[in-house]
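Novice:
There are 2 protein chains.
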Amino acid sequence: MRPGEYLTVVLHQTRSPDNLGAVARVMANFGFSRLILSDPATYSFRGAERLAVKGDAVLERMAVAKDLPEALTDCVYAVGTTSRTQLKGRTALTPEEAVRKLAEESQRGRVALVFGGEQRGMSDEELARCTDVLVIPTSDVQPSMNLAQSAAVLLYLCHRQGLVEPAPVAPQEGARLGTLNALAARMREVMLKAEFLNPQAPEHVLNELELTLMRARLTQREAELWLTAFKHLGRAVARGSSV
Amino acid sequence: MRPGEYLTVVLHQTRSPDNLGAVARVMANFGFSRLILSDPATYSFRGAERLAVKGDAVLERMAVAKDLPEALTDCVYAVGTTSRTQLKGRTALTPEEAVRKLAEESQRGRVALVFGGEQRGMSDEELARCTDVLVIPTSDVQPSMNLAQSAAVLLYLCHRQGLVEPAPVAPQEGARLGTLNALAARMREVMLKAEFLNPQAPEHVLNELELTLMRARLTQREAELWLTAFKHLGRAVARGSSV
Chain V
5 MRPGEYLTVV LHQTRSPDNL GAVARVMANF GFSRLILSDP ATYSFRGAER
55 LAVKGDAVLE RMAVAKDLPE ALTDCVYAVG TTSRTQLKGR TALTPEEAVR
105 KLAEESQRGR VALVFGGEQR GMSDEELARC TDVLVIPTSD VQPSMNLAQS
155 AAVLLYLCHR QGLVEPAPVA PQEGARLGTL NALAARMREV MLKAEFLNPQ
205 APEHVLNELE LTLMRARLTQ REAELWLTAF KHLGRAVARG SSV
Chain Z
5 MRPGEYLTVV LHQTRSPDNL GAVARVMANF GFSRLILSDP ATYSFRGAER
55 LAVKGDAVLE RMAVAKDLPE ALTDCVYAVG TTSRTQLKGR TALTPEEAVR
105 KLAEESQRGR VALVFGGEQR GMSDEELARC TDVLVIPTSD VQPSMNLAQS
155 AAVLLYLCHR QGLVEPAPVA PQEGARLGTL NALAARMREV MLKAEFLNPQ
205 APEHVLNELE LTLMRARLTQ REAELWLTAF KHLGRAVARG SSV
């Protein structure tokens, strides 16, 4: 990979061209070039160039994904940012911890830093698409940071951590989130069919299970094994229920 | 001092209300409340409130100074930010070093973080008004950061360093920059009269001398002693030249 491509910046449901431009500029400032818009809240991003100031190379290469799982599909690790300190069943990392993990995980493949929309940030469900969650500690008076300013803080720390070009080590192919999401979808389907999950509220238990697999830092091969296992289970369950 | 008042943020020759608002917001995010505009490039800052988002308390208390020396007059230490890596006779600190020094010096009195204008940043002459200089390391492709984003990076680091409320130690009253500037002005006058400085270009040598005094971290009493000494010298030189 070229320098600056280890880290993908994902903007989820971004609304403001100003913020997009400012994020592109600060990515250029710190040597990062991979930007993905996930389910953008608007497509009229004219005006972003004005604020991008030499970040236009970033904007030109920017990709758009229909949702968060699609945006993260080829990453092995993703950390989502939130200003909420009450998080269901998860412990938020500090920015420094998150950046250290991004650097470690970048040895296994692409990693992503995910920012929520300007108005509501990311829901628990959306954060569950990320391997980890981070909170930038702020004052109680005004806990909510501007999107482009959080990006500045975190990309500065990534730059300091040497994430632009991680030290080369023996590569170990980490499970891509695309595969892990396919696995989660399959698990859901199979476990619903098997009446293990409550059809009214399957997410809670499912997310807990998913998180354990994320924490296990599966290799791609292991994730594919799990996926194949659930395909088989699914067929077996379907056969059982049609008897 | 109340928490958040140890650090003064000085915006020198700021032009954009958007930047002002964004800086006020990020100050509120990280618990800082003292903002001074030095020689602002415009006075029509309507619109700043829109971006300040709960940073209005910061904007309401904001002071305006006619120039940098006036803005820094009651501080014992100031660090100026620049994106220039070629600096006459000075070695730039990294952000982490600068923030460590801000924390140390805040034991002696108020400290300031100074940002230059959007268009030209700060000149060598303006940076000479600051005790130290810092550079945020950036990529060669786009070295120049947006003002509000540099503020986000540095105020985050200040917040992490505990600068909002420094650990109480035996107070040692540091020399205020107002006194140090009065000293520098007096030195200039006396040394010009004494024909020690080149009247065509007195700054270079004078700045070198000033910097040694800044590095010495004078107490207020020591600075006043120096100032009194130069007043006496000035009178003596004037008597000599009128003979």
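Protein chains in written order, with the numbering used here: chain V, 5 to 247; chain Z, 5 to 247. C-beta: ideal position from N, C-alpha, C; glycine also.
Look up V:Arg38 in the DSSP assignment and say whether it is helix, strand or coil.
Specialist: Against the first sequence, residue 38 of chain V aligns to sequence position 34. DSSP places V:Arg38 in strand when its eight states are reduced to three.
Novice: Any idea what DSSP makes of V:Val139, helix, strand or coil?
Specialist: Counting from one through the first sequence, the residue named residue 139 of chain V turns up at place 135. Correct three-state label for V:Val139: coil.
Novice: Between V:Gly120 and V:Thr85, which are expected to be in contact by the criterion C-beta below 8 Å, what is the C-beta distance as a whole number of angstroms?
Specialist: For this step, residue 120 of chain V is matched to residue 116 along the first sequence. For this step, residue 85 of chain V is matched to residue 81 along the first sequence. About 7 Å separates the Cβ atoms of V:Gly120 and V:Thr85, confirming a contact at the 8 Å cut-off.
Novice: Under 8 Å between beta-carbons, which chain V residues line up against Z:Val145? List them in chain order, please.
Specialist: Here residue 145 of chain Z refers to the residue found at position 141 when the second sequence is read from its first residue. Here the neighbours are Ala32, Gly35, Lys58, Ala61.
Novice: Comparing the C-beta of V:Asn150 with each C-beta of chain Z, is any distance below 7 Å?
Specialist: Here residue 150 of chain V refers to the residue found at position 146 of the first sequence. Yes, V:Asn150 lies at the interface with chain Z (some Cβ there is under 7 Å from its Cβ).
Novice: Quick check on the burial criterion: 16 or more other C-beta atoms within 10 angstroms. Buried or exposed for Z:Ala188?
Specialist: As a position in the second sequence, residue 188 of chain Z is number 184, starting the count at 1. It counts as buried.
Novice: Have a look at V:Glu9, V:Asp43, V:Arg29, V:Leu11 and flag the residue whose alpha-carbon is nearest the alpha-carbon of V:Ala152.
Specialist: Taking the first sequence and counting its residues from 1, the one referred to as residue 152 of chain V is at position 148. For V:Ala152, the nearest C-alpha among the options comes from V:Arg29.
Novice: Between the C-alpha atoms of Z:Asn33 and Z:Glu214, what's the straight-line distance to the nearest angstrom?
Specialist: Locating residue 33 of chain Z in the second sequence gives position 29, counting from the first residue. Locating residue 214 of chain Z in the second sequence gives position 210, counting from the first residue. In a straight line, the C-alpha of Z:Asn33 is about 35 Å away from that of Z:Glu214.
Novice: DSSP on Z:Leu167, reduced to helix/strand/coil?
Specialist: Walking along the second sequence from the start, residue 167 of chain Z turns up at place 163. Reduced to three states, the DSSP call for Z:Leu167 is coil.
Novice: Are the CB atoms of Z:Ala102 and Z:Leu131 nearer to each other than 7 Å?
Specialist: Position 98 of the second sequence, counted from the start, is the residue given in the question as residue 102 of chain Z. Position 127 of the second sequence, counted from the start, is the residue given in the question as residue 131 of chain Z. No; because the gap between Cβ atoms is not below 7 Å, this pair is not in contact.
Novice: Select from the region 67-89 of chain Z all residues with a C-beta closer than 7 Å to any C-beta belonging to chain V, and list them in chain order.
Specialist: none
Novice: May I have the straight-line CA-CA distance separating Z:Glu228 from Z:Leu184, to the nearest angstrom?
Specialist: Indexing the second sequence from 1 puts residue 228 of chain Z at position 224. Indexing the second sequence from 1 puts residue 184 of chain Z at position 180. Using only the alpha carbons, I get a separation of about 8 Å.
Novice: For a quick check, are the C-beta atoms of V:Ala45 and V:Gly25 less than 7 Å apart?
Specialist: Walking along the first sequence from the start, residue 45 of chain V turns up at place 41. Walking along the first sequence from the start, residue 25 of chain V turns up at place 21. Against a cut-off of 7 Å, the Cβ pair of V:Gly25 and V:Ala45 comes out as no contact.
Novice: So, helix, strand or coil for V:Gly124, using DSSP?
Specialist: Along the first sequence, read from residue 1 onward, the residue named residue 124 of chain V stands at position 120. In the sequence as presented, Gly is not what sits at residue 124 of chain V; that position holds Arg. Here V:Arg124 sits in coil by DSSP.
Novice: Tell me the DSSP bridge mates of V:Arg114?
Specialist: As a working note, residue 114 of chain V is residue 110 in the first sequence. DSSP output for V:Arg114 lists V:Cys79 as bridge partner(s).
Novice: May I have the straight-line CA-CA distance separating V:Ser272 from V:Met66, to the nearest angstrom?
Specialist: The shown model of chain V, from 5 to 247, leaves out residue 272 of chain V, and the question about it has no answer.
Novice: Look at the Cβ atom of V:Leu41, then the Cβ atom of V:Val68, and state whether they are nearer than 7 Å.
Specialist: As a working note, residue 41 of chain V is residue 37 in the first sequence. As a working note, residue 68 of chain V is residue 64 in the first sequence. A contact, by the Cβ cut-off of 7 Å.
Novice: Quick one: which unbroken alpha helix (DSSP H) runs of 4-plus residues sit fully inside the region 198-244 of chain Z? Chain order, please.
Specialist: 207-219
Novice: Under 8 Å by Cβ, that's how I've got V:Lys92 and V:Asp128 pegged, so tell me the actual separation to the nearest angstrom.
Specialist: Taking the first sequence and counting its residues from 1, one reaches residue 92 of chain V at position 88. Taking the first sequence and counting its residues from 1, one reaches residue 128 of chain V at position 124. Between V:Asp128 and V:Lys92 the Cβ distance is about 5 Å, and since that is below 8 Å, they are a contact.
Novice: Hey, how far is the Cα of Z:Pro206 from the Cα of Z:Arg192?
Specialist: Counting from one through the second sequence, the residue named residue 206 of chain Z turns up at place 202. Counting from one through the second sequence, the residue named residue 192 of chain Z turns up at place 188. About 8 Å.
Novice: Can you find a C-beta in chain B that's less than 7 Å from the C-beta of V:Arg239?
Specialist: The chain inventory of the structure shown lacks chain B, comprising the protein chains V and Z.
Novice: Beta-carbon of V:Val13 versus every beta-carbon of chain Z: anything under 7 Å?
Specialist: The residue you call residue 13 of chain V lines up with position 9 of the first sequence. Output row for V:Val13: interface = no.
Novice: Measure from the alpha carbon of V:Arg94 to the alpha carbon of each residue in V:Arg133, V:Leu76, V:Leu72, then state which is nearest.
Specialist: For the purposes of this step, residue 94 of chain V is taken as the residue at position 90 of the first sequence. Minimum Cα distance to V:Arg94 is reached at V:Arg133.
Novice: V:Ser57 lies in the alpha helix (DSSP H); which residues open and close that run?
Specialist: Here residue 57 of chain V refers to the residue found at position 53 when the first sequence is read from its first residue. The sequence as given places Val at residue 57 of chain V; Ser does not occur at that position. No alpha helix (DSSP H) contains V:Val57, which DSSP labels as neither H nor E.
Novice: Exposed or buried, which one is V:Tyr81 when buried takes at least 16 other CB atoms within 10 Å?
Specialist: Locating residue 81 of chain V in the first sequence gives position 77, counting from the first residue. That one is buried.
Novice: For the alpha helix (DSSP H) holding Z:Leu24, just list the boundary residues, first then last.
Specialist: Start at 1 with the first residue of the second sequence, and residue 24 of chain Z comes out as number 20. Element bounds for Z:Leu24: 21-33.
Novice: Could you check if Z:Thr135 is buried or exposed, using at least 16 other CB atoms within 10 Å of its CB as the buried criterion?
Specialist: Here residue 135 of chain Z refers to the residue found at position 131 of the second sequence. Z:Thr135 comes out buried.
Novice: Taking Cβ-Cβ distances shorter than 8 Å, what residues in chain V pair up with Z:Val157?
Specialist: By 1-based counting over the second sequence, the position of residue 157 of chain Z is 153. Result: Ala156, Val157, Tyr160.
Novice: Leaving aside the five residues before and after Z:Arg190 along the sequence, list all residues of the same chain whose C-beta is less than 7 Å from its C-beta, in chain order.
Specialist: By one-based count along the second sequence, residue 190 of chain Z stands at place 186. So the list reads Leu231, Phe234, Lys235, Gly238, once near-sequence residues are dropped.
Novice: Inspect the CB distances between the region 195-203 of chain Z and the region 144-163 of chain Z and report whether three or more fall short of 8 Å.
Specialist: no
Novice: Roughly how many angstroms separate the alpha carbons of V:Leu72 and V:Asp43, rounded to a whole number?
Specialist: In the first sequence, residue 72 of chain V corresponds to position 68, counting from 1. In the first sequence, residue 43 of chain V corresponds to position 39, counting from 1. Each residue's Cα considered, the two are about 7 Å apart.
Novice: Can you say whether V:Asp4 is buried or exposed, counting buried as having 16 or more other CB atoms within 10 angstroms of its CB?
Specialist: The question about residue 4 of chain V has no answer here: the residues shown for chain V are numbered 5 through 247.
Novice: Could you compute how far the alpha carbon of Z:Gly178 sits from the alpha carbon of Z:Leu15?
Specialist: Against the second sequence, residue 178 of chain Z aligns to sequence position 174. Against the second sequence, residue 15 of chain Z aligns to sequence position 11. Spanning the two alpha carbons is a distance of roughly 23 Å.
Novice: List the residues of chain Z that V:Thr18 touches, going by C-beta distances under 9 Å, in chain order.
Specialist: Here residue 18 of chain V refers to the residue found at position 14 when the first sequence is read from its first residue. Within chain Z, no C-beta atom comes less than 9 Å from the C-beta of V:Thr18; the nearest is roughly 16 Å away.
Novice: Rounded to the nearest angstrom, what separates Z:Arg50 and Z:Val27 at their Cα positions?
Specialist: Mapped onto the second sequence, residue 50 of chain Z falls at position 46. Mapped onto the second sequence, residue 27 of chain Z falls at position 23. Spanning the two alpha carbons is a distance of roughly 14 Å.
Novice: Determine the chain Z residues that contact V:Ala52 at a beta-carbon separation under 8 Å, and present them in chain order.
Specialist: The residue you call residue 52 of chain V lines up with position 48 of the first sequence. Simply none; closest approach about 13 Å.
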